[in-house]
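Position in the sequence shown (from 1) plus 1279 gives the number in my numbering.
To start, the structure under review is shown below, and the notes come after it.
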Amino acid sequence: MTTPRISLRRLRRSLLSVAAAGAALALATPAGAADVDTGLPPGPAVARAAVPAQTAAGWAAGTRSYLVVTAPGDTTAARNAVAANGGSVFAHYDAIGVVVAHSSSAGFAAAMRSVAGVQKVGATRTSDVPADAYSPTLPAAPGQSSTTLTETARWDMTRINADKAWAVSTGSPSVTVGVLDTGVDDRHQDIAPNFDTADSVSCAYGKADTRAGAWRDVGSHGTHVAGTIAAAKNGKGVVGVAPGVKIASVRIAEPSTSMFFAENTICGFMWAGDHGFDVTNNSYYTDPWMFNCPDDPDQAAIIEGVRRAQEYAEGKGSLQVAAAGNSNYDLANKRSDSSSPNDSTPVNRTITNACIDIPTELPGVVTVAAMGNGNIKASYSNFGRDVIDVAAPGGDGAYGVYSTLPGGKYGNMNGTSMASPHVAGVAALLKSADPAATPADLRARLGTQATDTACPSDSRCTGTTARNAFFGEGQVDALKAVGGTTPPPGRYFENTADVTVADNATAESPLTVTGVAGNAPAALKVGVDVKHTYRGDLVLSLVAPDGSVYSLEDFADGDSGDDVVKTYTVDASSETASGTWKLRVRDIAAQDTGRIDAWNLTF
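So, in structure tokens, the structure goes:
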């Protein structure tokens, strides 16, 4: 099986990972509408035709979508006013006083703003509502491929101690994490065991579509995110941060563009609150504006509508976790935006800190920055003093986040879209450990349990080791979330010299251990970092000082993944600790080569 390699630029929207076409996923390398970076250009602007608004039975060119915001409660008066002013009601959320209206009248917003009791009115897009909104097409159910991949310790899980946490708890099936994204492939072999069909839905266009399969992925971003949160611990493929909790899909991306408009996000948060989600993951920004500014009447309505929906979900017990974005932008010092609106023709705007990225900068939302493999900010990750709450692995360069893809497949993505689901998974473990914890409790514990991470030599990173612009309160810790403790470190030895691994050849890298008395432990840790373009060619062994050989792993011939970055445990208690140990790597096929980049022993 060929392993896809994905890079999402915009899902959050700037996601450097797999992304859907068109929208702004906050997730993979760039950031945007949903931060799913589809990598596709925004659609052309559509002229607003002076034709009657669509009816419930059809669609008319020039139809735009609006949020009409009134007092929470009965929205009957506002809905009647919509009809009286050349519009139609597409959906309404009385609990938060928000009506989603459609109209093709250029004067609709101005007319509605003069209606008594209406507080705000704003267009949610600068392009037409797609005709598909009135009779949505169900996403295809992808054919499934089986896998020969077996679960291995991945660098991202090791960084947050998830691999240690699983020995204590994998999370509770009574905890549900909602994936607000491009959808989820519920039939994937690593997702199906934990998928919650009953609470999954499509909120594309701003109204709940409960038909079976409406929640499925219209890209690949959402499936990748879901696997990072809760891929099952079933011996196949990968393991999620919280492999014992439930996943529900709330597709908020529209199919042809993968954009996440305000009405879709509102529908998603309302669904999360009404269906008892404990946590939601939001690896996107609300299209079409990367930043919504309160001095613009359209954007002010978007801010208020989404804010109310998030507040509603939180009030029902749901914690929202969101990607910070992938534009390497200082969210605490906003000056300009040249990427919005992304559904028509972007313009250069001068902005201030009053303009916000939503949902990530809304009150109560946990804002997540991305890290590479180490105590380093991912090159693309947005940052900001007192904006970033915590950080997590998002991947960067050669180190991608490996997770599930539609059709039973797997692949790498990089982005804050990938960092956010690590935090959502840790929050799910916290909720599993303390079912009575409120969203505020979970938010606070994520920060207090995070590993403090100091600023690098970079003038943009201001603050203290305990809280700074790049990492917030630090990198989240799954082991602490389940009440575990990190064992004291043993003696550590490492060889970082590169050793070439040629085709059909054996390579060895020596490591001399000194000052360790007696025998090696029964749980000797062997850390391996082998760069190779097809690991199915490899057989790894540890050679003791007396020449005894301990098998580490013989990879399946069909394993087409890149690299081996994992830690093995070996019972070496019969071996003298001090002496020269060797990592032996055999390449048993042609075409692909690599190198031993580094390896280590921990006694």
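No residue lacks a Cβ here, since even glycine has one placed at the ideal position from N, Cα and C.
From a predicted model like this one, the values you see are computed outputs, not experimental measurements.
1) In this structure, how does DSSP classify K1595 when only helix, strand and coil are distinguished?
2) What runs of the beta strand (DSSP E), each 3 residues or longer, lie entirely inside the stretch 1682 to 1735?
3) Can you grab the Cα-Cα spacing for the pair A1380 / T1342, in whole Å?
4) Starting from D1566, follow its DSSP beta bridges and name the residues at the other end.
5) What are the uninterrupted segments assigned as beta strand (DSSP E) that are 3 or more residues long and contained completely in the stretch 1422 to 1462, given in chain order?
6) Check each candidate in V1645, D1841, V1849 and name the one with the smallest Cα separation from K1804.
7) Quick one: give me the first and last residue of the alpha helix (DSSP H) that T1502 is part of.
8) Taking 8 Å as the threshold (C-beta atoms), are D1575 and A1402 in contact?
9) Determine the contact status of A1877 and E1773, defining contact as a CB-CB distance below 8 Å.
10) For my contact list, A1580 and R1530 are in at a C-beta cut-off of 8 Å; report their separation, rounded to the angstrom.
11) Verify whether the separation of the beta carbon atoms of S1451 and G1506 is less than 8 Å.
12) Could you tell me if N1359 is buried or exposed, where buried requires 16 or more neighbouring beta carbons within 10 angstroms of its beta carbon?
13) Any idea which residues DSSP pairs F1474 with across the strands?
14) Judging by CA-CA distance, which residue of Q1589, R1587, H1701, A1601 is the nearest neighbour of Y1563?
15) Quickly, what does DSSP pair S1618 with across the bridge? List them, please.
16) Just the Cα atoms here: how many angstroms apart are K1861 and R1433?
17) Going by DSSP, what residue range makes up the alpha helix (DSSP H) through R1358?
18) Identify every residue that forms a DSSP beta bridge with G1905.
19) Where do the ends of the beta strand (DSSP E) carrying K1515 lie?
20) Could you compute how far the alpha carbon of Q1269 sits from the alpha carbon of V1844?
21) At the level of alpha carbons, what is the spacing between V1647 and A1603?
22) Under the DSSP definition of a beta bridge, which residues are partnered with V1647?
23) Taking its Cβ as the centre, do 16 or more other Cβ atoms sit within 10 Å of V1828, making it buried, or is it exposed?
24) Using 8 Å as the cut-off, can you tell me whether the stretch 1552 to 1561 makes contact with the stretch 1414 to 1429, which would need three or more C-beta pairs spanning the two stretches below that distance?
25) Could you tell me which of F1539, V1780, P1800 sits nearest to D1898, measuring between CA atoms?
26) Give the DSSP-derived three-state secondary structure of L1831 in the structure shown.
27) Nearest-angstrom Cα distance between A1541 and G1594?
28) State the beta-bridge partners of R1628 as determined by DSSP.
29) Pull up the CB-CB distance for T1461 and V1408, whole angstroms please, since I reckon it's below 8 Å.
30) Specify the secondary structure class of G1301 as computed by DSSP and reduced to three states.
31) Would a C-beta distance cut-off of 8 Å place K1525 and T1455 closer than the cut-off?
32) Using CA atoms only, rank isn't needed, just tell me which of D1668, S1406, M1650, D1411 is closest to W1568.
33) Tell me where the beta strand (DSSP E) around A1370 begins and ends.
34) In or out: S1384 buried (at least 16 other Cβ within 10 Å) or exposed?
35) Roughly how many whole angstroms lie between the Cα atoms of I1630 and S1615?
36) Where does R1664 sit, in a helix, a strand or coil, going by DSSP?
This is what the structure gives:
1) Translated into positions along the sequence shown, residue 1595 becomes position 316. Of the three classes helix, strand and coil, the one that applies to K1595 here is coil, per DSSP.
2) 1688 to 1694
3) Looking up residue 1380 in the sequence shown gives position 101. Looking up residue 1342 in the sequence shown gives position 63. Approximately 10 Å, taken between the alpha carbons.
4) Here residue 1566 refers to the residue found at position 287 of the sequence shown. In the DSSP output, where bridge partners are listed per residue, D1566 has F1540.
5) 1455 to 1460
6) One-based indexing of the sequence shown puts residue 1804 at position 525. Closest by alpha carbon: V1849.
7) Position 223 of the sequence shown, counting from 1, holds the residue named residue 1502. First-last of the alpha helix (DSSP H) with T1502: 1500 to 1509.
8) Taking the first residue of the sequence shown as position 1, residue 1402 is located at position 123. Taking the first residue of the sequence shown as position 1, residue 1575 is located at position 296. Their beta carbons are not under 8 Å apart, which means A1402 does not touch D1575 by this criterion.
9) In the sequence shown, counting from the first residue as 1, residue 1877 sits at position 598. In the sequence shown, counting from the first residue as 1, residue 1773 sits at position 494. Against a cut-off of 8 Å, the Cβ pair of E1773 and A1877 comes out as a contact.
10) Taking the sequence shown and counting its residues from 1, one reaches residue 1580 at position 301. Taking the sequence shown and counting its residues from 1, one reaches residue 1530 at position 251. The pair is not a contact, with the Cβ atoms about 23 Å apart (cut-off 8 Å).
11) Working through the sequence shown from its first residue, we reach residue 1451 at position 172. Working through the sequence shown from its first residue, we reach residue 1506 at position 227. The answer is no: Cβ separation not under 8 Å.
12) The count along the sequence shown starts at 1 and reaches residue 1359 at position 80. The residue is exposed, with fewer than 16 neighbouring Cβ atoms inside 10 Å.
13) As a first step, residue 1474 is located in the sequence shown; it is residue number 195 there, counting from the start. Answer is I1526, bridged to F1474.
14) Residue mapping note: residue 1563 aligns to position 284 of the sequence shown, counting from 1. It is A1601.
15) Taking the first residue of the sequence shown as position 1, residue 1618 is located at position 339. Answer by DSSP bridge pairing: none, since S1618 is not bridged.
16) Residue numbering aside, residue 1861 sits at position 582 when the sequence shown is read from its first letter. Residue numbering aside, residue 1433 sits at position 154 when the sequence shown is read from its first letter. Computed Cα separation, rounded: 22 Å.
17) For this step, residue 1358 is matched to residue 79 along the sequence shown. Residues 1355 to 1363.
18) The structure shown has nothing for residue 1905, since the chain only spans 1280 to 1882.
19) Within the sequence shown, residue 1515 is the residue found at index 236, counting from 1. Looking at the DSSP string, K1515 is not in any beta strand (DSSP E), and its letter there is neither H nor E.
20) Because the chain here runs from 1280 to 1882, residue 1269 falls outside it and cannot be looked at.
21) Position 368 of the sequence shown holds residue 1647. Position 324 of the sequence shown holds residue 1603. V1647 and A1603: Cα-Cα distance of roughly 5 Å.
22) For the purposes of this step, residue 1647 is identified with residue 368 of the sequence shown, where counting begins at 1. V1647 is bridged to A1602, V1669.
23) Within the sequence shown, residue 1828 is the residue found at index 549, counting from 1. Burial call: exposed.
24) no
25) There is no way to answer for residue 1898, as the model of the chain reaches only from 1280 to 1882.
26) Within the sequence shown, residue 1831 is the residue found at index 552, counting from 1. DSSP places L1831 in strand when its eight states are reduced to three.
27) By 1-based counting over the sequence shown, the position of residue 1541 is 262. By 1-based counting over the sequence shown, the position of residue 1594 is 315. The alpha-carbon atoms of A1541 and G1594 are separated by roughly 20 Å.
28) As a working note, residue 1628 is residue 349 in the sequence shown. Answer is D1616.
29) Mapped onto the sequence shown, residue 1461 falls at position 182. Mapped onto the sequence shown, residue 1408 falls at position 129. Actually they are not in contact, since the Cβ atoms of T1461 and V1408 sit about 19 Å apart, beyond 8 Å.
30) One-based indexing of the sequence shown puts residue 1301 at position 22. Because the pLDDT at G1301 is just 31, under 50, the model does not fix this residue reliably, and the point stays unresolved.
31) Here residue 1525 refers to the residue found at position 246 when the sequence shown is read from its first residue. Here residue 1455 refers to the residue found at position 176 when the sequence shown is read from its first residue. Against a cut-off of 8 Å, the Cβ pair of T1455 and K1525 comes out as a contact.
32) Start at 1 with the first residue of the sequence shown, and residue 1568 comes out as number 289. The residue with the shortest Cα to Cα distance from W1568 is S1406.
33) Against the sequence shown, residue 1370 aligns to sequence position 91. That run of the beta strand (DSSP E) goes 1366 to 1372.
34) Sequence index remark: in the sequence shown, residue 1384 carries index 105 (1-based). Flag for S1384 reads buried.
35) As a position in the sequence shown, residue 1630 is number 351, starting the count at 1. As a position in the sequence shown, residue 1615 is number 336, starting the count at 1. When rounded, the distance between both Cα atoms is 5 Å.
36) Taking the first residue of the sequence shown as position 1, residue 1664 is located at position 385. In the structure shown, R1664 sits in coil (DSSP, three-state: anything other than H, G, I, E or B).
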